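Student: Numbering (the working numbering), first residue to last: 17 to 426.
Here a beta-carbon is modelled for each residue, glycine too, at the ideal position from N, C-alpha and C.
Bear in mind that the values here come from a model prediction, so they are computed numbers and not experimental data.
Once you've had a glance at the structure underneath, I'll fire off some questions.
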Ligand SMILES: Nc1ncnc2c1ncn2[C@@H]1O[C@H](COP(=O)(O)OP(=O)(O)OP(=O)(O)O)[C@@H](O)[C@H]1O
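In structure tokens:
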């Protein structure tokens with residue numbers, strides 16, 4: 017029998033408040049005249065969600081902000097009640113939801129350890145045995161007899177995590193906590209989670225925006241989108257879908273963002289577009305395929321000795337290429353009117369993701385700026401790459417070889 021069963025779970029919240037004096041007065045009048053009052057708009061944070069989790073499974077829940085992840089965990093931890101549907105949990109739950117959840121601010125760290133143990137039905141004697149280890153892991157020896165309300169949020173999470181992961185509940189529910197606290201503590205938490213999962217075979221539900229962590233720790237992933245299960249199953253496939261969704265979202269919002277440019281007024285950039293390896297206009301470039309970038313300019317005054325350059329940058333302005341080497345071209349003279357300058361790129365080395373372009377034109381040895389713009393055009397690089405090279409921006413065209421084999425040393 018599944019350890020967790022979620023059947024047609026729906027959670028509705030009410031949107032906004034009836035705060036305006038007019039609305040309040042109108043409702044009073046309606047009540048007096050026995051008419052129905054104005055209702056606040058309702059919306060579904062979870063909409064008919066069903067799934068099951070077997071004992072020993074490690075399930076990741078991912079999705080964009082507001083997708084319903086925390087709401088779902090709160091129902092599993094019995095902190096929230098469904099509007100419709102049911103949640104069946106066959107075992108004890110150690111929830112680590114929201115900073116400090118499960119931790120009472122009025123009590124000291126030590127008292128909280130006993131309180132949490134008692135809630136999970138763990139005998140005092142057993143908690144006593146675990147006490148040193150919990151305090152040691154939390155790195156809070158000095159403050160363990162201080163009320164938690166005097167702790168920083170990072171300290172509260174350290175305490176909460178140490179308690180939740182030491183109590184040996186059947187199910188551990190963790191919301192985003194691995195991203196809190198200092199880096200060395202995050203590392204420790206991650207190692208402990210791996211230990212709980214791999215060595216102890218605990219059932220774990222994990223919410224995180226750190227998709228890499230989810231992929232590494234979980235054997236199943238649920239992708240939530242606007243309160244419904246968008247996809248569920250193999251971590252790599254589901255996380256790939258999430259990356260695709262995120263890339264598209266960034267691209268959609270990017271197209272609305274404006275570019276920044278300065279210029280002397282002698283030249284205008286009229287159009288910037290890409291072509292694929294077959295010379296066809298495209299919005300998306302493909303990793304490791306040839307492509308070209310086309311700059312259509314309007315020369316208002318004839319200028320001599322021009323240098324054109326461009327570079328790629330990330331959407332948060334990390335420059336990935338300089339624009340003073342191969343990305344440059346010198347042109348002696350361009351007449352007035354519309355001209356197109358094209359740069360051909362062999363086997364685009366940018367890894368799949370969203371990028372943008374900066375573009376500049378200078379004149380003469382002094383490199384007088386004629387035009388310079390950043391964020392001129394956002395584009396997506398697509399292509400299949402192994403999941404292991406998801407981070408970084410470039411793939412080097414490199415080959416390994418063994419250049420020396422010294423067998424004598426063995
Ligand atoms: N108590 C509440 N009252 C009203 N709306 C709420 C309440 N709690 C959550 N919501 C709304 O429900 C939706 C889902 O919220 P939830 O916190 O579950 O999302 P999430 O996927 O965990 O998001 P995030 O990644 O930002 O933490 C959001 O639109 C949120 O504003």
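Please list, in chain order, all residues of the same chain as residue 25 whose beta carbon is under 8 Å from its beta carbon, the five residues on each side excluded.
Tutor: Within the same chain, residue 25 has close Cβ partners 62, 64, 65, 66, 88, 91, 98, 100, 101, 102, 103.
Student: Could you tell me the alpha carbon to alpha carbon distance between residue 86 and residue 181, rounded to whole angstroms?
Tutor: Their Cα atoms are separated by approximately 19 Å.
Student: Any heavy atom of ligand 1 within a distance shorter than 7 Å of the CB on residue 93?
Tutor: Checking every heavy atom of ligand 1 against the Cβ of residue 93, none is found closer than 7 Å.
Student: Are there three or more Cβ pairs, one per stretch, closer than 8 Å when the segment 345-354 is compared with the segment 374-389?
Tutor: No, they do not touch.
Student: Please report the straight-line C-alpha distance between residue 302 and residue 314, rounded to a whole angstrom.
Tutor: Approximately 29 Å, taken between the alpha carbons.
Student: Near residue 284, what residues of its chain come up, given a Cβ to Cβ distance below 6 Å and the 5 sequence neighbours on each side ignored?
Tutor: Within the same chain, residue 284 has close Cβ partners 314.
Student: Can you look up residue 71 in the DSSP assignment and give me helix, strand or coil?
Tutor: Coil, per DSSP.
Student: Run through DSSP, which three-state label would residue 234 get?
Tutor: Coil at residue 234, not helix or strand.
Student: Cα-Cα, which of 370, 299, 287, 125 is closest to residue 389?
Tutor: When only C-alpha atoms are compared, the closest one is 287.
Student: Considering Cα atoms alone, identify which of 73, 135, 232 is closest to residue 94.
Tutor: For the residues 73, 135, 232, the minimum Cα distance to residue 94 belongs to 135.
Student: Starting from the N-terminal end, write out each residue whose C-beta falls within a distance shorter than 5 Å of any non-hydrogen atom of ligand 1.
Tutor: This selection yields 29, 61, 81, 82, 83, 84, 85, 86, 87.
Student: Would you be able to state if there are at least three C-beta pairs under 8 Å between the segment 70-85 and the segment 239-257?
Tutor: Touching, yes, given that three or more Cβ pairs across the two stretches are closer than 8 Å.
Student: With a cut-off of 8 Å, do at least 3 Cβ pairs link the segment 391-398 to the segment 365-373?
Tutor: Yes, they touch.
Student: What whole-angstrom Cβ distance do residue 188 and residue 220 have, given they're in contact under 8 Å?
Tutor: Indeed, because the Cβ distance is near 5 Å, the residues count as touching under 8 Å.
Student: Kindly indicate which three-state DSSP category residue 312 falls into: helix, strand or coil?
Tutor: DSSP places residue 312 in strand when its eight states are reduced to three.
Student: Just how far apart, CA to CA, sit residue 200 and residue 178?
Tutor: One C-alpha to the other measures close to 14 Å.
Student: Please classify residue 354: is it buried, with 16 or more other beta-carbons within 10 angstroms of its beta-carbon, or exposed?
Tutor: Burial call: exposed.
Student: List, from N- to C-terminal side, the alpha helix (DSSP H) runs of 4 residues or more that fit wholly inside the segment 158-237.
Tutor: Here the runs fully enclosed are 169-182, 199-214, 227-233.
Student: Give every residue of the same chain whose Cβ lies closer than 6 Å to the Cβ of residue 254, excluding the five residues on either side of it in the sequence, and list them in chain order.
Tutor: Cβ within range, chain order: 237, 239, 247.
Student: Tell me which residues share the same chain as residue 125 and place their Cβ nearer than 8 Å to its Cβ, disregarding the 5 neighbours each side in the sequence.
Tutor: Contacts found: 151, 154, 156, 159, 160, 161, 162, 164, 167, 175.
Student: Assuming residue 304 contacts residue 363 under a Cβ cut-off of 8 Å, what Cβ separation, rounded to an integer in Å, is found between them?
Tutor: With 8 Å as the limit, residue 304 and residue 363 qualify as a contact, their Cβ atoms being about 5 Å apart.
Student: Considering only the beta carbon of each residue, do residue 52 and residue 58 sit closer than 8 Å?
Tutor: No, they are not a contact pair.
Student: According to DSSP, what are the bridge partners of residue 349?
Tutor: Residue 349 pairs with 320.
Student: Do residue 191 and residue 112 have their C-beta atoms closer together than 8 Å?
Tutor: A contact, by the Cβ cut-off of 8 Å.
Student: Could you tell me which of 351, 207, 295 sits nearest to residue 359, measuring between CA atoms?
Tutor: When each option's Cα is compared against that of residue 359, the closest is 295.
Student: Name the residue from 40, 80, 30 whose alpha carbon lies nearest to the alpha carbon of residue 260.
Tutor: Looking at the Cα atoms, 80 is the closest of the given residues.
Student: Whose CA, out of 60, 327, 183, 245, lies closest to the CA of residue 218?
Tutor: For residue 218, the nearest C-alpha among the options comes from 183.
Student: With DSSP as the reference, label residue 420 as helix, strand or coil.
Tutor: Residue 420: coil per DSSP, three-state reduction.
Student: If I measure Cβ to Cβ from residue 72 and keep anything under 7 Å in the same chain, skipping five residues before and after, which residues do I get?
Tutor: If we look at residue 72 and ignore the five residues flanking it on each side, its Cβ neighbours are 217, 219.
Student: Quick check on residue 142: does DSSP put it in helix, strand or coil?
Tutor: Residue 142: helix per DSSP, three-state reduction.
Student: How close, in whole Å, do the beta carbons of residue 140 and residue 130 come, if the pair is a contact with beta carbons under 8 Å?
Tutor: With a Cβ gap of about 7 Å, residue 140 and residue 130 count as contacting.
Student: Specify the secondary structure class of residue 50 as computed by DSSP and reduced to three states.
Tutor: Correct three-state label for residue 50: coil.
Student: Looking only at its own chain, which residues have a Cβ that is under 6 Å from the Cβ of residue 28, when we skip the five neighbours before and after it?
Tutor: So the list reads 58, 60, 99, once near-sequence residues are dropped.
Student: Measuring only the C-alpha atoms, how far is residue 351 from residue 308?
Tutor: Cα to Cα, the separation comes out at about 23 Å.
Student: Is it buried or exposed, residue 105, if we count other Cβ atoms within 10 angstroms and call 16 or more buried?
Tutor: Buried, since its Cβ has 16 or more Cβ neighbours within 10 Å.
Student: Taking only the alpha-carbon atoms, compute the straight-line gap between residue 335 and residue 68 and give it to the nearest angstrom.
Tutor: Answer to the nearest angstrom: the Cα atoms are 46 Å apart.
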